[in-house]
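Undergrad: Numbering (the working numbering), first residue to last: 19 to 722.
Beta carbons are placed, not taken as given, at the ideal position from N, Cα and C, and that holds for glycine.
1) Any idea if residue 442 is buried or exposed, counting beta-carbon neighbours within 10 angstroms, 16 or more meaning buried?
2) Give the straight-line distance between the Cα atoms of residue 451 and residue 380, rounded to the nearest whole angstrom.
3) From residue 716 to residue 654, what distance separates their C-alpha atoms?
4) With DSSP collapsed to three states, give me the class of residue 313.
5) Could you work out which residue in 143, 140, 147 is closest to residue 134 when comparing CA atoms only?
6) Measuring only the C-alpha atoms, how far is residue 720 from residue 335?
7) Measure the Cβ-Cβ separation of residue 166 and residue 176 and say whether it is below 8 Å.
8) Where residue 652 and residue 104 are concerned, what is the direct C-alpha to C-alpha distance, given to the nearest angstrom?
9) Measuring alpha carbon to alpha carbon, tell me which residue in 168, 158, 81, 540 is nearest residue 227.
10) Can you tell me whether residue 512 is buried or exposed? The criterion is at least 16 other CB atoms within 10 Å of its CB, across all chains shown.
11) The alpha helix (DSSP H) that contains residue 526, what's its start and end?
12) Going by beta carbon distance, what residues of the same chain come within less than 8 Å of residue 414, once the five residues before and after it are set aside?
13) Around the Cβ of residue 618, are there at least 16 other Cβ atoms within 10 angstroms (buried) or fewer (exposed)?
14) Out of 609, 696, 52, which one is the CA nearest neighbour of residue 313?
15) Quick check: the Cα distance between residue 481 and residue 444, rounded to an integer number of angstroms?
16) By the three-class DSSP mapping on this structure, what secondary structure does residue 433 have?
17) Residue 570 and residue 559 - do their beta-carbons sit closer together than 8 Å?
18) When DSSP labels each residue in this structure, what does residue 74 get in the three-state scheme?
19) Taking the alpha carbon of residue 137 as the point to measure from, which residue in 159, 67, 614, 359 has its own alpha carbon closest?
20) Can you tell which of 553, 531, 530 has the C-alpha that lies nearest to the C-alpha of residue 541?
21) Checking 8 Å against the spacing of the C-beta atoms, do residue 208 and residue 139 come in under that value?
22) When the Cβ atoms of the stretch 453-470 are set against those of the stretch 427-435, are three or more pairs found closer than 8 Å?
23) For residue 301 versus residue 574, is the C-beta distance shorter than 8 Å?
24) To the nearest angstrom, report how far apart residue 690 and residue 501 are at their CA atoms.
25) At which residues does the beta strand (DSSP E) containing residue 479 begin and terminate?
26) Rounded to whole angstroms, what is the Cα-Cα separation between residue 260 and residue 718?
27) Suppose you measure from the CA of residue 273 to the CA of residue 315; what does that come to, to the nearest Å?
28) Evaluate residue 647 with the Cβ neighbour count: other Cβ atoms within 10 Å of its Cβ, from every protein chain shown; 16 or more gives buried, anything less gives exposed.
29) Note down, in chain order, each residue of its chain lying with its Cβ closer than 7 Å to the Cβ of residue 446, except the 5 sequence neighbours on either side.
30) Can you look up residue 427 in the DSSP assignment and give me helix, strand or coil?
31) Figure out for me which residue from 199, 203, 195, 173 has the closest Cα to the Cα of residue 181.
32) Quick check on residue 49: buried or exposed, where buried means 16 or more other Cβ atoms within 10 Å of its Cβ?
33) Nearest to residue 399 by alpha carbon, out of 410, 371, 420?
34) Less than 7 Å separating the Cβ of residue 59 from some heavy atom of the ligand FAD?
35) In or out: residue 256 buried (at least 16 other Cβ within 10 Å) or exposed?
36) From residue 341 to residue 488, what distance separates their C-alpha atoms?
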């Protein structure tokens with residue numbers, strides 16, 4: 019199995035995936051020329067038929083080519099050339115979108131190389147084998163400086179791993195056994211220590227292989243929304259086809275028709291010219307959105323990749339845009355995760371400095387993040403720097419006792435959960451002050467966590483630990499609310515503490531004392547009401563909920579089970595990124611809706627701009643509607659065909675970049691689309707066709 023050669027930590031190599039992803043987010047003019055050969059290859063009818071609107075356009079271009087060869091004329095050849103350009107420009111939009119993903123995939127491929135793995139053989143002996151011979155379930159050992167040969171879970175040891183080859187971030191990360199940070203990716207490098215990894219993927223199915231296939235669009239399938247929109251476009255195409263065909267018999271009744279369509283352009287010698295009918299049809303069918311629809315979907319997945327999120331399907335990106343309920347873990351997502359010591363509250367007449375010193379001594383053996391924060395606050399309050407030089411019998415913190423401390427001769431200091439410390443004090447014949455319960459309840463109500471400090475027979479006071487809500491999140495949740503998205507915080511805390519954190523963070527609801535079963539039940543209840551649900555997770559216990567959620571974002575640091583269950587993987591393992599994922603999904607839907615609105619109103623406008631000019635001489639009443647005073651029927655249709663082609667090119671950057679996202683309600687977005695893109699679709703053709711008409715009228719045989 020081929021793996022990737024990692025980029026050195028701190029490297030500023032311009033070819034790093036992160037820099038390439040950023041570059042891919044910008045529209046480079048060179049991409050037009052690089053994508054042109056692929057656009058020409060897509061002219062194959064076996065490819066074009068998948069896009070019915072553009073397939074009809076290609077058939078029209080073939081027909082006008084035959085007519086122009088049969089009865090040559092300058093007008094016929096110009097129409098034919100611009101119809102072919104219309105088809106090529108549509109293919110170009112899709113080819114450019116695909117090339118952006120292809121560039122990222124090529125970067126990954128260039129950095130892959132074969133490596134050797136040390137596999138545990140049948141006789142429990144380590145043997146060297148090529149990485150591509152590894153199978154699911156194999157166990158391999160990786161030392162410092164070696165490349166991890168395949169995707170798997172760490173089952174023994176802890177190590178610092180350089181994942182810059184995958185994430186683009188130079189800072190190493192910790193991978194260890196027995197937790198939710200056990201997953202490792204083939205192609206990353208172990209920087210320190212030794213780990214034993216159980217391979218979880220078959221050859222060719224690794225995370226890197228899937229990443230390459232997905233970013234280059236090889237496995238992208240049309241989403242249900244795209245299929246539904248394609249069906250609508252086919253229906254509109256059929257309606258305009260019928261409308262255009264009926265123009266021929268209507269015009270036969272008029273003797274002036276031959277003046278509008280010279281004999282050399284007619285199919286039968288009577289009626290409107292075949293080339294004119296084809297050109298009119300192409301101008302009226304929704305070619306704009308038909309040309310850009312696929313590019314919009316591909317670009318949506320590309321924007322996910324730019325933010326280091328690997329979407330397993332376009333459906334997942336779309337679902338993110340339709341999410342109604344957002345489930346977020348409190349720890350690490352809403353709060354920083356490590357509770358910090360905030361205050362010392364003495365009880366029973368204990369002095370503040372005495373409490374701080376006792377808390378410091380009782381926390382010296384506590385290696386948890388909370389213990390370190392207590393040491394920092396106590397040293398600040400006492401001005402001392404006690405450390406390992408303090409003599410005594412240390413009592414490390416453990417989950418069983420829920421306490422840490424030290425025995426110093428006649429003194430026995432303990433710090434830990436209030437219930438555990440209170441029981442320890444009573445066990446030594448001491449009493450718990452009545453005021454303790456009130457202090458503990460007040461801290462819990464405010465969203466904090468109380469810890470008690472005791473000296474054998476008496477409680478000295480309480481340490482207030484506080485979960486710090488990440489800055490900016492309340493404003494982000496307010497934006498979600500304006501978008502009609504309900505946010506729910508999930509936590510294992512008691513309901514009182516959970517309520518306080520929820521109010522501070524600004525979420526709409528919370529689920530306290532949550533178990534994996536509770537998460538799954540909550541998702542099912544939300545979905546029964548017809549709502550789409552998104553959530554993040556990193557552990558094996560999150561896998562059922564991730565699989566049930568419409569958008570399940572697994573952390574790259576999490577277990578393989580979590581990554582297999584979700585339909586997105588966050589390479590940066592940032593739980594708050596789910597908010598960005600929803601915004602990207604919204605932007606995809608907004609972009610598609612905006613350009614669809616523009617395309618349909620654009621077609622209607624072209625209908626009323628062209629027909630009066632074409633048939634004003636045949637039906638005098640229509641001449642009054644020729645408000646643009648186009649030069650001649652032929653210049654009108656040629657101007658419309660030219661505009662129809664160049665508007666596709668003009669909108670490619672918008673399709674790839676996406677319509678600017680502004681958090682707001684669905685009704686506000688609809689109103690904005692109608693005014694900006696609906697009204698723009700009406701006005702633009704009138705102005706552009708008139709400008710083009712002023713130029714083409716000087717072409718011999720086209721002007722009046």
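TA: If we stick to the structure as given:
1) Along the chain shown, one-based indexing puts residue 442 at 424. So residue 442 counts as buried.
2) As a working note, residue 451 is residue 433 in the chain shown. As a working note, residue 380 is residue 362 in the chain shown. One C-alpha to the other measures close to 20 Å.
3) Here residue 716 refers to the residue found at position 698 when the chain shown is read from its first residue. Here residue 654 refers to the residue found at position 636 when the chain shown is read from its first residue. Going by the C-alpha atoms only, they are around 13 Å apart.
4) Position 295 of the chain shown, counted from the start, is the residue given in the question as residue 313. Helix.
5) In the chain shown, counting from the first residue as 1, residue 134 sits at position 116. When only C-alpha atoms are compared, the closest one is 147.
6) To locate residue 720, count along the chain shown from 1; it is residue 702. To locate residue 335, count along the chain shown from 1; it is residue 317. Distance between the alpha carbons of residue 720 and residue 335: 48 Å.
7) On the chain shown, position 148 is the one that residue 166 refers to. On the chain shown, position 158 is the one that residue 176 refers to. Going by C-beta atoms, residue 166 is not nearer than 8 Å to residue 176.
8) Locating residue 652 in the chain shown gives position 634, where the first residue counts as 1. Locating residue 104 in the chain shown gives position 86, where the first residue counts as 1. Their backbone Cα atoms lie some 19 Å apart in a straight line.
9) Translated into positions along the chain shown, residue 227 becomes position 209. Here the closest residue by C-alpha is 168.
10) Looking up residue 512 in the chain shown gives position 494. Its Cβ having fewer than 16 others within 10 Å, residue 512 is exposed.
11) As a working note, residue 526 is residue 508 in the chain shown. From DSSP, residue 526 is part of no alpha helix (DSSP H); its letter is neither H nor E.
12) The sequence position of residue 414 within the chain shown is 396, counting from 1. Around residue 414: 383, 384, 385, 422.
13) Start at 1 with the first residue of the chain shown, and residue 618 comes out as number 600. Under this definition residue 618 is a buried residue.
14) Numbered from its first residue, the chain shown carries residue 313 at position 295. Looking at the Cα atoms, 609 is the closest of the given residues.
15) Working through the chain shown from its first residue, we reach residue 481 at position 463. Working through the chain shown from its first residue, we reach residue 444 at position 426. Approximately 19 Å, taken between the alpha carbons.
16) Reading the chain shown from its first residue, position 415 is the one you call residue 433. Here residue 433 sits in strand by DSSP.
17) Walking along the chain shown from the start, residue 559 turns up at place 541. Walking along the chain shown from the start, residue 570 turns up at place 552. No, these two residues do not count as a Cβ contact at 8 Å.
18) Position 56 of the chain shown, counting from 1, holds the residue named residue 74. It is helical.
19) The residue you call residue 137 lines up with position 119 of the chain shown. Minimum Cα distance to residue 137 is reached at 159.
20) If you number the chain shown from 1, residue 541 lands on position 523. When each option's Cα is compared against that of residue 541, the closest is 553.
21) One-based indexing of the chain shown puts residue 208 at position 190. One-based indexing of the chain shown puts residue 139 at position 121. Contact: no.
22) yes
23) Reading the chain shown from its first residue, position 283 is the one you call residue 301. Reading the chain shown from its first residue, position 556 is the one you call residue 574. In this structure, residue 574 does not lie closer than 8 Å to residue 301 by Cβ.
24) Taking the first residue of the chain shown as position 1, residue 690 is located at position 672. Taking the first residue of the chain shown as position 1, residue 501 is located at position 483. If you take the alpha carbons of residue 690 and residue 501, they lie about 14 Å apart.
25) Start at 1 with the first residue of the chain shown, and residue 479 comes out as number 461. 476-484 is the span of the beta strand (DSSP E), which, as asked, contains residue 479.
26) Residue mapping note: residue 260 aligns to position 242 of the chain shown, counting from 1. Residue mapping note: residue 718 aligns to position 700 of the chain shown, counting from 1. Straight-line Cα distance between these residues: approximately 32 Å.
27) Reading the chain shown from its first residue, position 255 is the one you call residue 273. Reading the chain shown from its first residue, position 297 is the one you call residue 315. The pLDDT assigned to residue 273 is 44, lower than 50, so where the model puts this residue is not dependable, and the model offers no usable value.
28) In the chain shown, residue 647 corresponds to position 629, counting from 1. Residue 647 comes out exposed.
29) One-based indexing of the chain shown puts residue 446 at position 428. Hits under 7 Å: 474, 475.
30) Indexing the chain shown from 1 puts residue 427 at position 409. Reduced to three states, the DSSP call for residue 427 is coil.
31) The count along the chain shown starts at 1 and reaches residue 181 at position 163. The shortest Cα separation from residue 181 among 199, 203, 195, 173 belongs to 203.
32) Against the chain shown, residue 49 aligns to sequence position 31. Residue 49 should be labelled buried.
33) For the purposes of this step, residue 399 is identified with residue 381 of the chain shown, where counting begins at 1. Minimum Cα distance to residue 399 is reached at 371.
34) The model on display carries no ligand, and the ligand FAD is accordingly not part of it.
35) Looking up residue 256 in the chain shown gives position 238. By the neighbour-count rule (16 or more Cβ atoms within 10 Å), residue 256 is not buried but exposed.
36) One-based indexing of the chain shown puts residue 341 at position 323. One-based indexing of the chain shown puts residue 488 at position 470. Approximately 23 Å, taken between the alpha carbons.
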